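Protein chains: 2
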Amino acid sequence: MKTYSQLTVAERQEEYASLQQRYNDYKALGLKLNMARGKPGVDQLRLSAPMLHILDVDDCIVDGIDARNYGELAGLPCAKNLFAELLGTKPEEILVGGNASLTLMYDLMAKAMTHGLLHSPRPWSQEPVVKFLCPSPGYDRHFKISESFGMELITIPMTATGPDMDAVEEAVKDPTVKGMWCVPKYSNPDGILYSEETIDRIANLKPAAPDFALMWDNAYCVHEIYGEFRPFRDILTLCREAGNPHMVYEFASTSKITFPGAGVAVMAASVENQKYIESLLTYQSISYDKLNQLRHVRFLKNKETVLALMQEHAKILRPRFSAVLDALDKEIAPLEIAQWTKPMGGYFVSFNAMEGTAKRALALCKEAGVVMTGAGATFPYGKDPKDSNIRIAPSLPPVEELKQAMDIFCICVRMAALEKLGL
Amino acid sequence: MKTYSQLTVAERQEEYASLQQRYNDYKALGLKLNMARGKPGVDQLRLSAPMLHILDVDDCIVDGIDARNYGELAGLPCAKNLFAELLGTKPEEILVGGNASLTLMYDLMAKAMTHGLLHSPRPWSQEPVVKFLCPSPGYDRHFKISESFGMELITIPMTATGPDMDAVEEAVKDPTVKGMWCVPKYSNPDGILYSEETIDRIANLKPAAPDFALMWDNAYCVHEIYGEFRPFRDILTLCREAGNPHMVYEFASTSKITFPGAGVAVMAASVENQKYIESLLTYQSISYDKLNQLRHVRFLKNKETVLALMQEHAKILRPRFSAVLDALDKEIAPLEIAQWTKPMGGYFVSFNAMEGTAKRALALCKEAGVVMTGAGATFPYGKDPKDSNIRIAPSLPPVEELKQAMDIFCICVRMAALEKLGL
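So the protein lines, in turn, are chains A and B.
Residues in the first sequence are numbered consecutively from 1074, following my numbering.
Residues in the second sequence are numbered consecutively from 1074, following my numbering.
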């Protein structure tokens, strides 16, 4: 079998016509398939069924705190203990807040804007320029938080071991660079595990900004798909040992452990940071939903039981990831028109189409009823300079739908590549 | 019986000595009694027991939306319907968000600071001065939100019919006056029902600021203590009819209907406002906790059932309010040293001690183990110019404890008054 670049124009035309036939057949079916977002599938949601009945109204007092009433802004002590165990931090470094780590991240940035962080000379809204480092491809919602506050987004290339640290170390010499977005384990979308060296270099950064915020989104900290749990080092300890105790804010949530949007989110940070943030948070909230915290503590219990639950999630996710990877191996690999990741965990397959074809491929997908994350979304300002990266989210659709969606996706990627090569 | 001002010095000294004896006896008991916050009592919390078991994992899809998964930023349609019915607004004017209306208010002010509101010429953080009207006595947490963002707090006197509207109408001529805090029904702490005329004048305000924000905290909209539900007019309609459709943001929550801090909060505002706010909210959140929304919809059902539930709350609250009022009638009224409200709903009795004695009275209370909301808290910057207003929150303690706490409170108020009159 020839690769696409080896085809003559006539062969490409023939190939295109055949693909177009298959494409039109699919289009006629009027399908509605969605691989846009990292939404758990229905089978995963059912794993947390017992949590919906786990509380009784007369059994909601723990450590002398009534989870049914106002109070305990930083969260139930038992919930802090659980997340401290999962993240390897101390309970006093944990804030258990709300349902979404995204909101905790946004709120931290909002407070940086209006009030400044612990060591800010002034609120960021009073700074002429605020820049933020965005390892890319990355998580679009991270970048959009910074963008929405008018920050300047600085692209940092992602490598196989995490952000390009030479570029990061250079960039943080600029005192207007106020922070960096990171997903250290199973990065979104590449599924990369930051290497030990990368993490050490990050912890040892010497940013010019005294209030540099390392936004450490450990969204997939226990989210293995293949194999056993891979331990990670506590970034708070590493930063503390490197003389940067207040630089890091770590985030996690149970959105992909229990119920998305109805889970529990946490922020881990130094005790001094927690104190400072709580001093601002006290104007925003009396307390977060402690009943939901208690539900989670009773259901998730401890790290061991969480990891066992995550293996059940993995069992459900594996056939979906395999369906994606099998389709790509079969339909795309021989043509040498794209590369992609084979993640061991997380929620995505990161696909790099032939340069200049991602937008076109996704437009074709959309026309045939397959919705994907928009091309470019994984880059600052939604602009992929190579128009190549596509994030595939296989978790939501049932396997049969997914196979169909991937068949259409592969057709579209091939058509776009042939168009680019010339017909 | 003589009033305190009729007593001779010798009589005052005798009275003081007798009170001091009772005070010391109480102090020796080492009590810990709390009337500081409007926290529902345990019996109230138990009314919502069925809600903790009301969801089944396979019965969480409503209107085609899976409440277990991400999505629907503005809330479940069925939840919007419920709150629209309660508030008398249209469902499309409702945002169902999070657990706490306080957080919704804070977030709106935060967004005003960082991005501006719908008709803001610029973000408020870029304004040299932002002033906010604070009808006082009022809710300390409202005032502290404004204060935390560096706004200048303008005291507006409260009257028996609501804020002094002459003062308000004059104040809003200043374009730096960007909004006003209101609790229109059973105001915190006075329990005042804003009169029809006051509400009409508020809806018809002509503020110089194009982005004036009427922060309409309808916290006690269905919270009668004595008597049947008292209907209220829809402030959104009134503002719309007065040509101010985008001036008002109405807030409510189920914190004092179901579980405090684990309830559901709403913001009602014009469709244009909702659209604008959602365009900013999309960076902050994927969706709020829809499982908790669904729990509430299934449990609360509709306005009729909510009002029936509120009558159950009232049955529990009435003996507590009576204990407070009875103590004051018996121990304080004959002495003519204070005035207080007899609220028909809400969560507070607003007590005005002899001028210049509130702080001293509460310091005495604290020493004897009775914790109250700090004196001055009901005024901007925590400073009551008359050092008189004290907010009594009778809901949390069991009736027997409350009687004891009120006995101590009355002793302290009397001692402080005698000290002021001179011994």
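Backbone N, C-alpha and C define an ideal beta-carbon position, used for all residues, glycine too.
As the structure is a computational prediction, the values presented were derived from the model and not from experiment.
Worksheet entry | Collapsed DSSP secondary structure at residue 1427 (chain B) in the structure displayed | coil
Fill in: DSSP three-state assignment for residue 1326 (chain B), whether helix, strand or coil
Note: residue 1326 (chain B) maps to strand in three-state DSSP.
Worksheet item: Three-state secondary structure (DSSP) at residue 1116 (chain A)?
Response: The answer is helix: DSSP assigns residue 1116 (chain A) an H, G or I state.
Practice prompt. Pull up the distance between the alpha-carbon of residue 1460 (chain B) and that of residue 1430 (chain B), whole angstroms please.
Written response: 6 Å
Worksheet item: Short check: CB of residue 1467 (chain B) to CB of residue 1411 (chain B), under 8 Å?
Response: Contact flag unset, no.
Practice prompt. For residue 1332 (chain A), go through chain B and note every residue whose CB falls closer than 7 Å to its CB, in chain order.
Written response: Residues of chain B with a Cβ closer than 7 Å to the Cβ of residue 1332 (chain A) are, in chain order, 1141, 1364.
Discussion item. Residue 1277 (chain A) and residue 1315 (chain A) - do their beta-carbons sit closer together than 8 Å?
Written reply: yes
Item to complete: Below 9 Å between beta carbons is the criterion; list the residues of the region 1222 to 1233 of chain A that meet it against any residue of chain B, in chain order.
Response: Here the close residues are 1222, 1223.
Practice prompt. Helix, strand or coil for residue 1382 (chain B), going by three-state DSSP, please let me know.
Written response: It is helical.
Practice prompt. Would you mind telling me which residues of chain A sit closer than 8 Å to residue 1119 (chain B), beta carbon to beta carbon, in chain order?
Written response: 1130, 1131
Worksheet entry | CB contact check: residue 1170 (chain A) to chain B, cutoff 8 Å | no
Practice prompt. Using a Cβ-Cβ cut-off of less than 7 Å, list which residues of the region 1202 to 1220 of chain A approach chain B; keep chain order.
Written response: 1217, 1218
Discussion item. Please list, in chain order, the residues of the region 1082 to 1116 of chain A that have any C-beta partner in chain B closer than 8 Å.
Written reply: 1110, 1112, 1113, 1115
Worksheet item: Which two residues bound the contiguous beta strand (DSSP E) that contains residue 1205 (chain B)?
Response: 1204 to 1209
Worksheet item: From residue 1112 (chain A) to residue 1337 (chain B), what distance separates their C-alpha atoms?
Response: 24 Å
Item to complete: Within 10 angstroms of the Cβ of residue 1233 (chain B), are there 16 or more other Cβ atoms? Answer buried if so, exposed if not.
Response: exposed
Discussion item. Could you compute how far the alpha carbon of residue 1291 (chain A) sits from the alpha carbon of residue 1418 (chain A)?
Written reply: 12 Å
Practice prompt. Indicate whether residue 1216 (chain A) and residue 1251 (chain A) have their beta-carbon atoms separated by less than 8 Å.
Written response: no
Discussion item. For residue 1487 (chain A) and residue 1375 (chain B), what's the separation of their Cα atoms in angstroms?
Written reply: 54 Å
Practice prompt. Go through its chain and collect everything with a Cβ distance to residue 1166 (chain B)'s Cβ below 8 Å, but skip five positions before and after it.
Written response: 1157, 1309, 1341, 1342, 1343, 1344, 1347
Worksheet item: So residue 1368 (chain A) packs on residue 1472 (chain A), CB below 8 Å; how close in whole Å?
Response: About 30 Å separates the two Cβ atoms, so there is no contact after all.
Worksheet entry | Residue(s) in a DSSP beta bridge with residue 1297 (chain B) | For residue 1297 (chain B), which the question treats as bridged, DSSP gives the partners B:1418.
Worksheet item: How is the alpha helix (DSSP H) around residue 1370 (chain B) delimited, first residue to last?
Response: 1363 to 1373
Item to complete: Note down the Cα distance separating residue 1354 (chain B) from residue 1269 (chain A), rounded to an integer number of angstroms.
Response: 36 Å
Worksheet item: From which residue to which residue does the beta strand (DSSP E) around residue 1167 (chain B) run?
Response: 1167 to 1169
Worksheet item: In this structure, does DSSP put residue 1236 (chain B) in helix, strand or coil?
Response: Here residue 1236 (chain B) sits in strand by DSSP.
Fill in: N- and C-terminal bounds of the alpha helix (DSSP H) containing residue 1183 (chain A)
Where residue 1183 (chain A) is concerned, the enclosing alpha helix (DSSP H) stretches over 1174 to 1187.
Practice prompt. Identify whether residue 1100 (chain A) lies in helix, strand or coil by the three-state DSSP scheme.
Written response: helix
Item to complete: Taking residue 1174 (chain B) and residue 1324 (chain B) to be in contact with their CB atoms under 8 Å, please state how far apart those CB atoms are, rounded to whole angstroms.
Response: 4 Å
Fill in: Proximity below 8 Å, CB of residue 1464 (chain A) to CB of residue 1446 (chain A)
yes
Worksheet item: Do you know whose CA, among A:1222, A:1230, A:1211, A:1185, lies nearest residue 1222 (chain B)'s CA?
Response: The shortest Cα separation from residue 1222 (chain B) among A:1222, A:1230, A:1211, A:1185 belongs to A:1185.
Fill in: Cβ pair count under 8 Å reaching 3, the region 1090 to 1105 of chain B against the region 1118 to 1126 of chain A
no
Fill in: Unbroken alpha helix (DSSP H) run spanning residue 1276 (chain A), endpoints
1269 to 1276
Worksheet item: Interface residues of chain A around residue 1125 (chain B) at Cβ under 7 Å?
Response: 1128, 1129, 1130
Worksheet item: Of all Cβ atoms in chain A, is any one closer than 8 Å to the Cβ of residue 1446 (chain B)?
Response: no
Practice prompt. Return helix, strand or coil for residue 1160 (chain A), following the three-state DSSP convention.
Written response: helix
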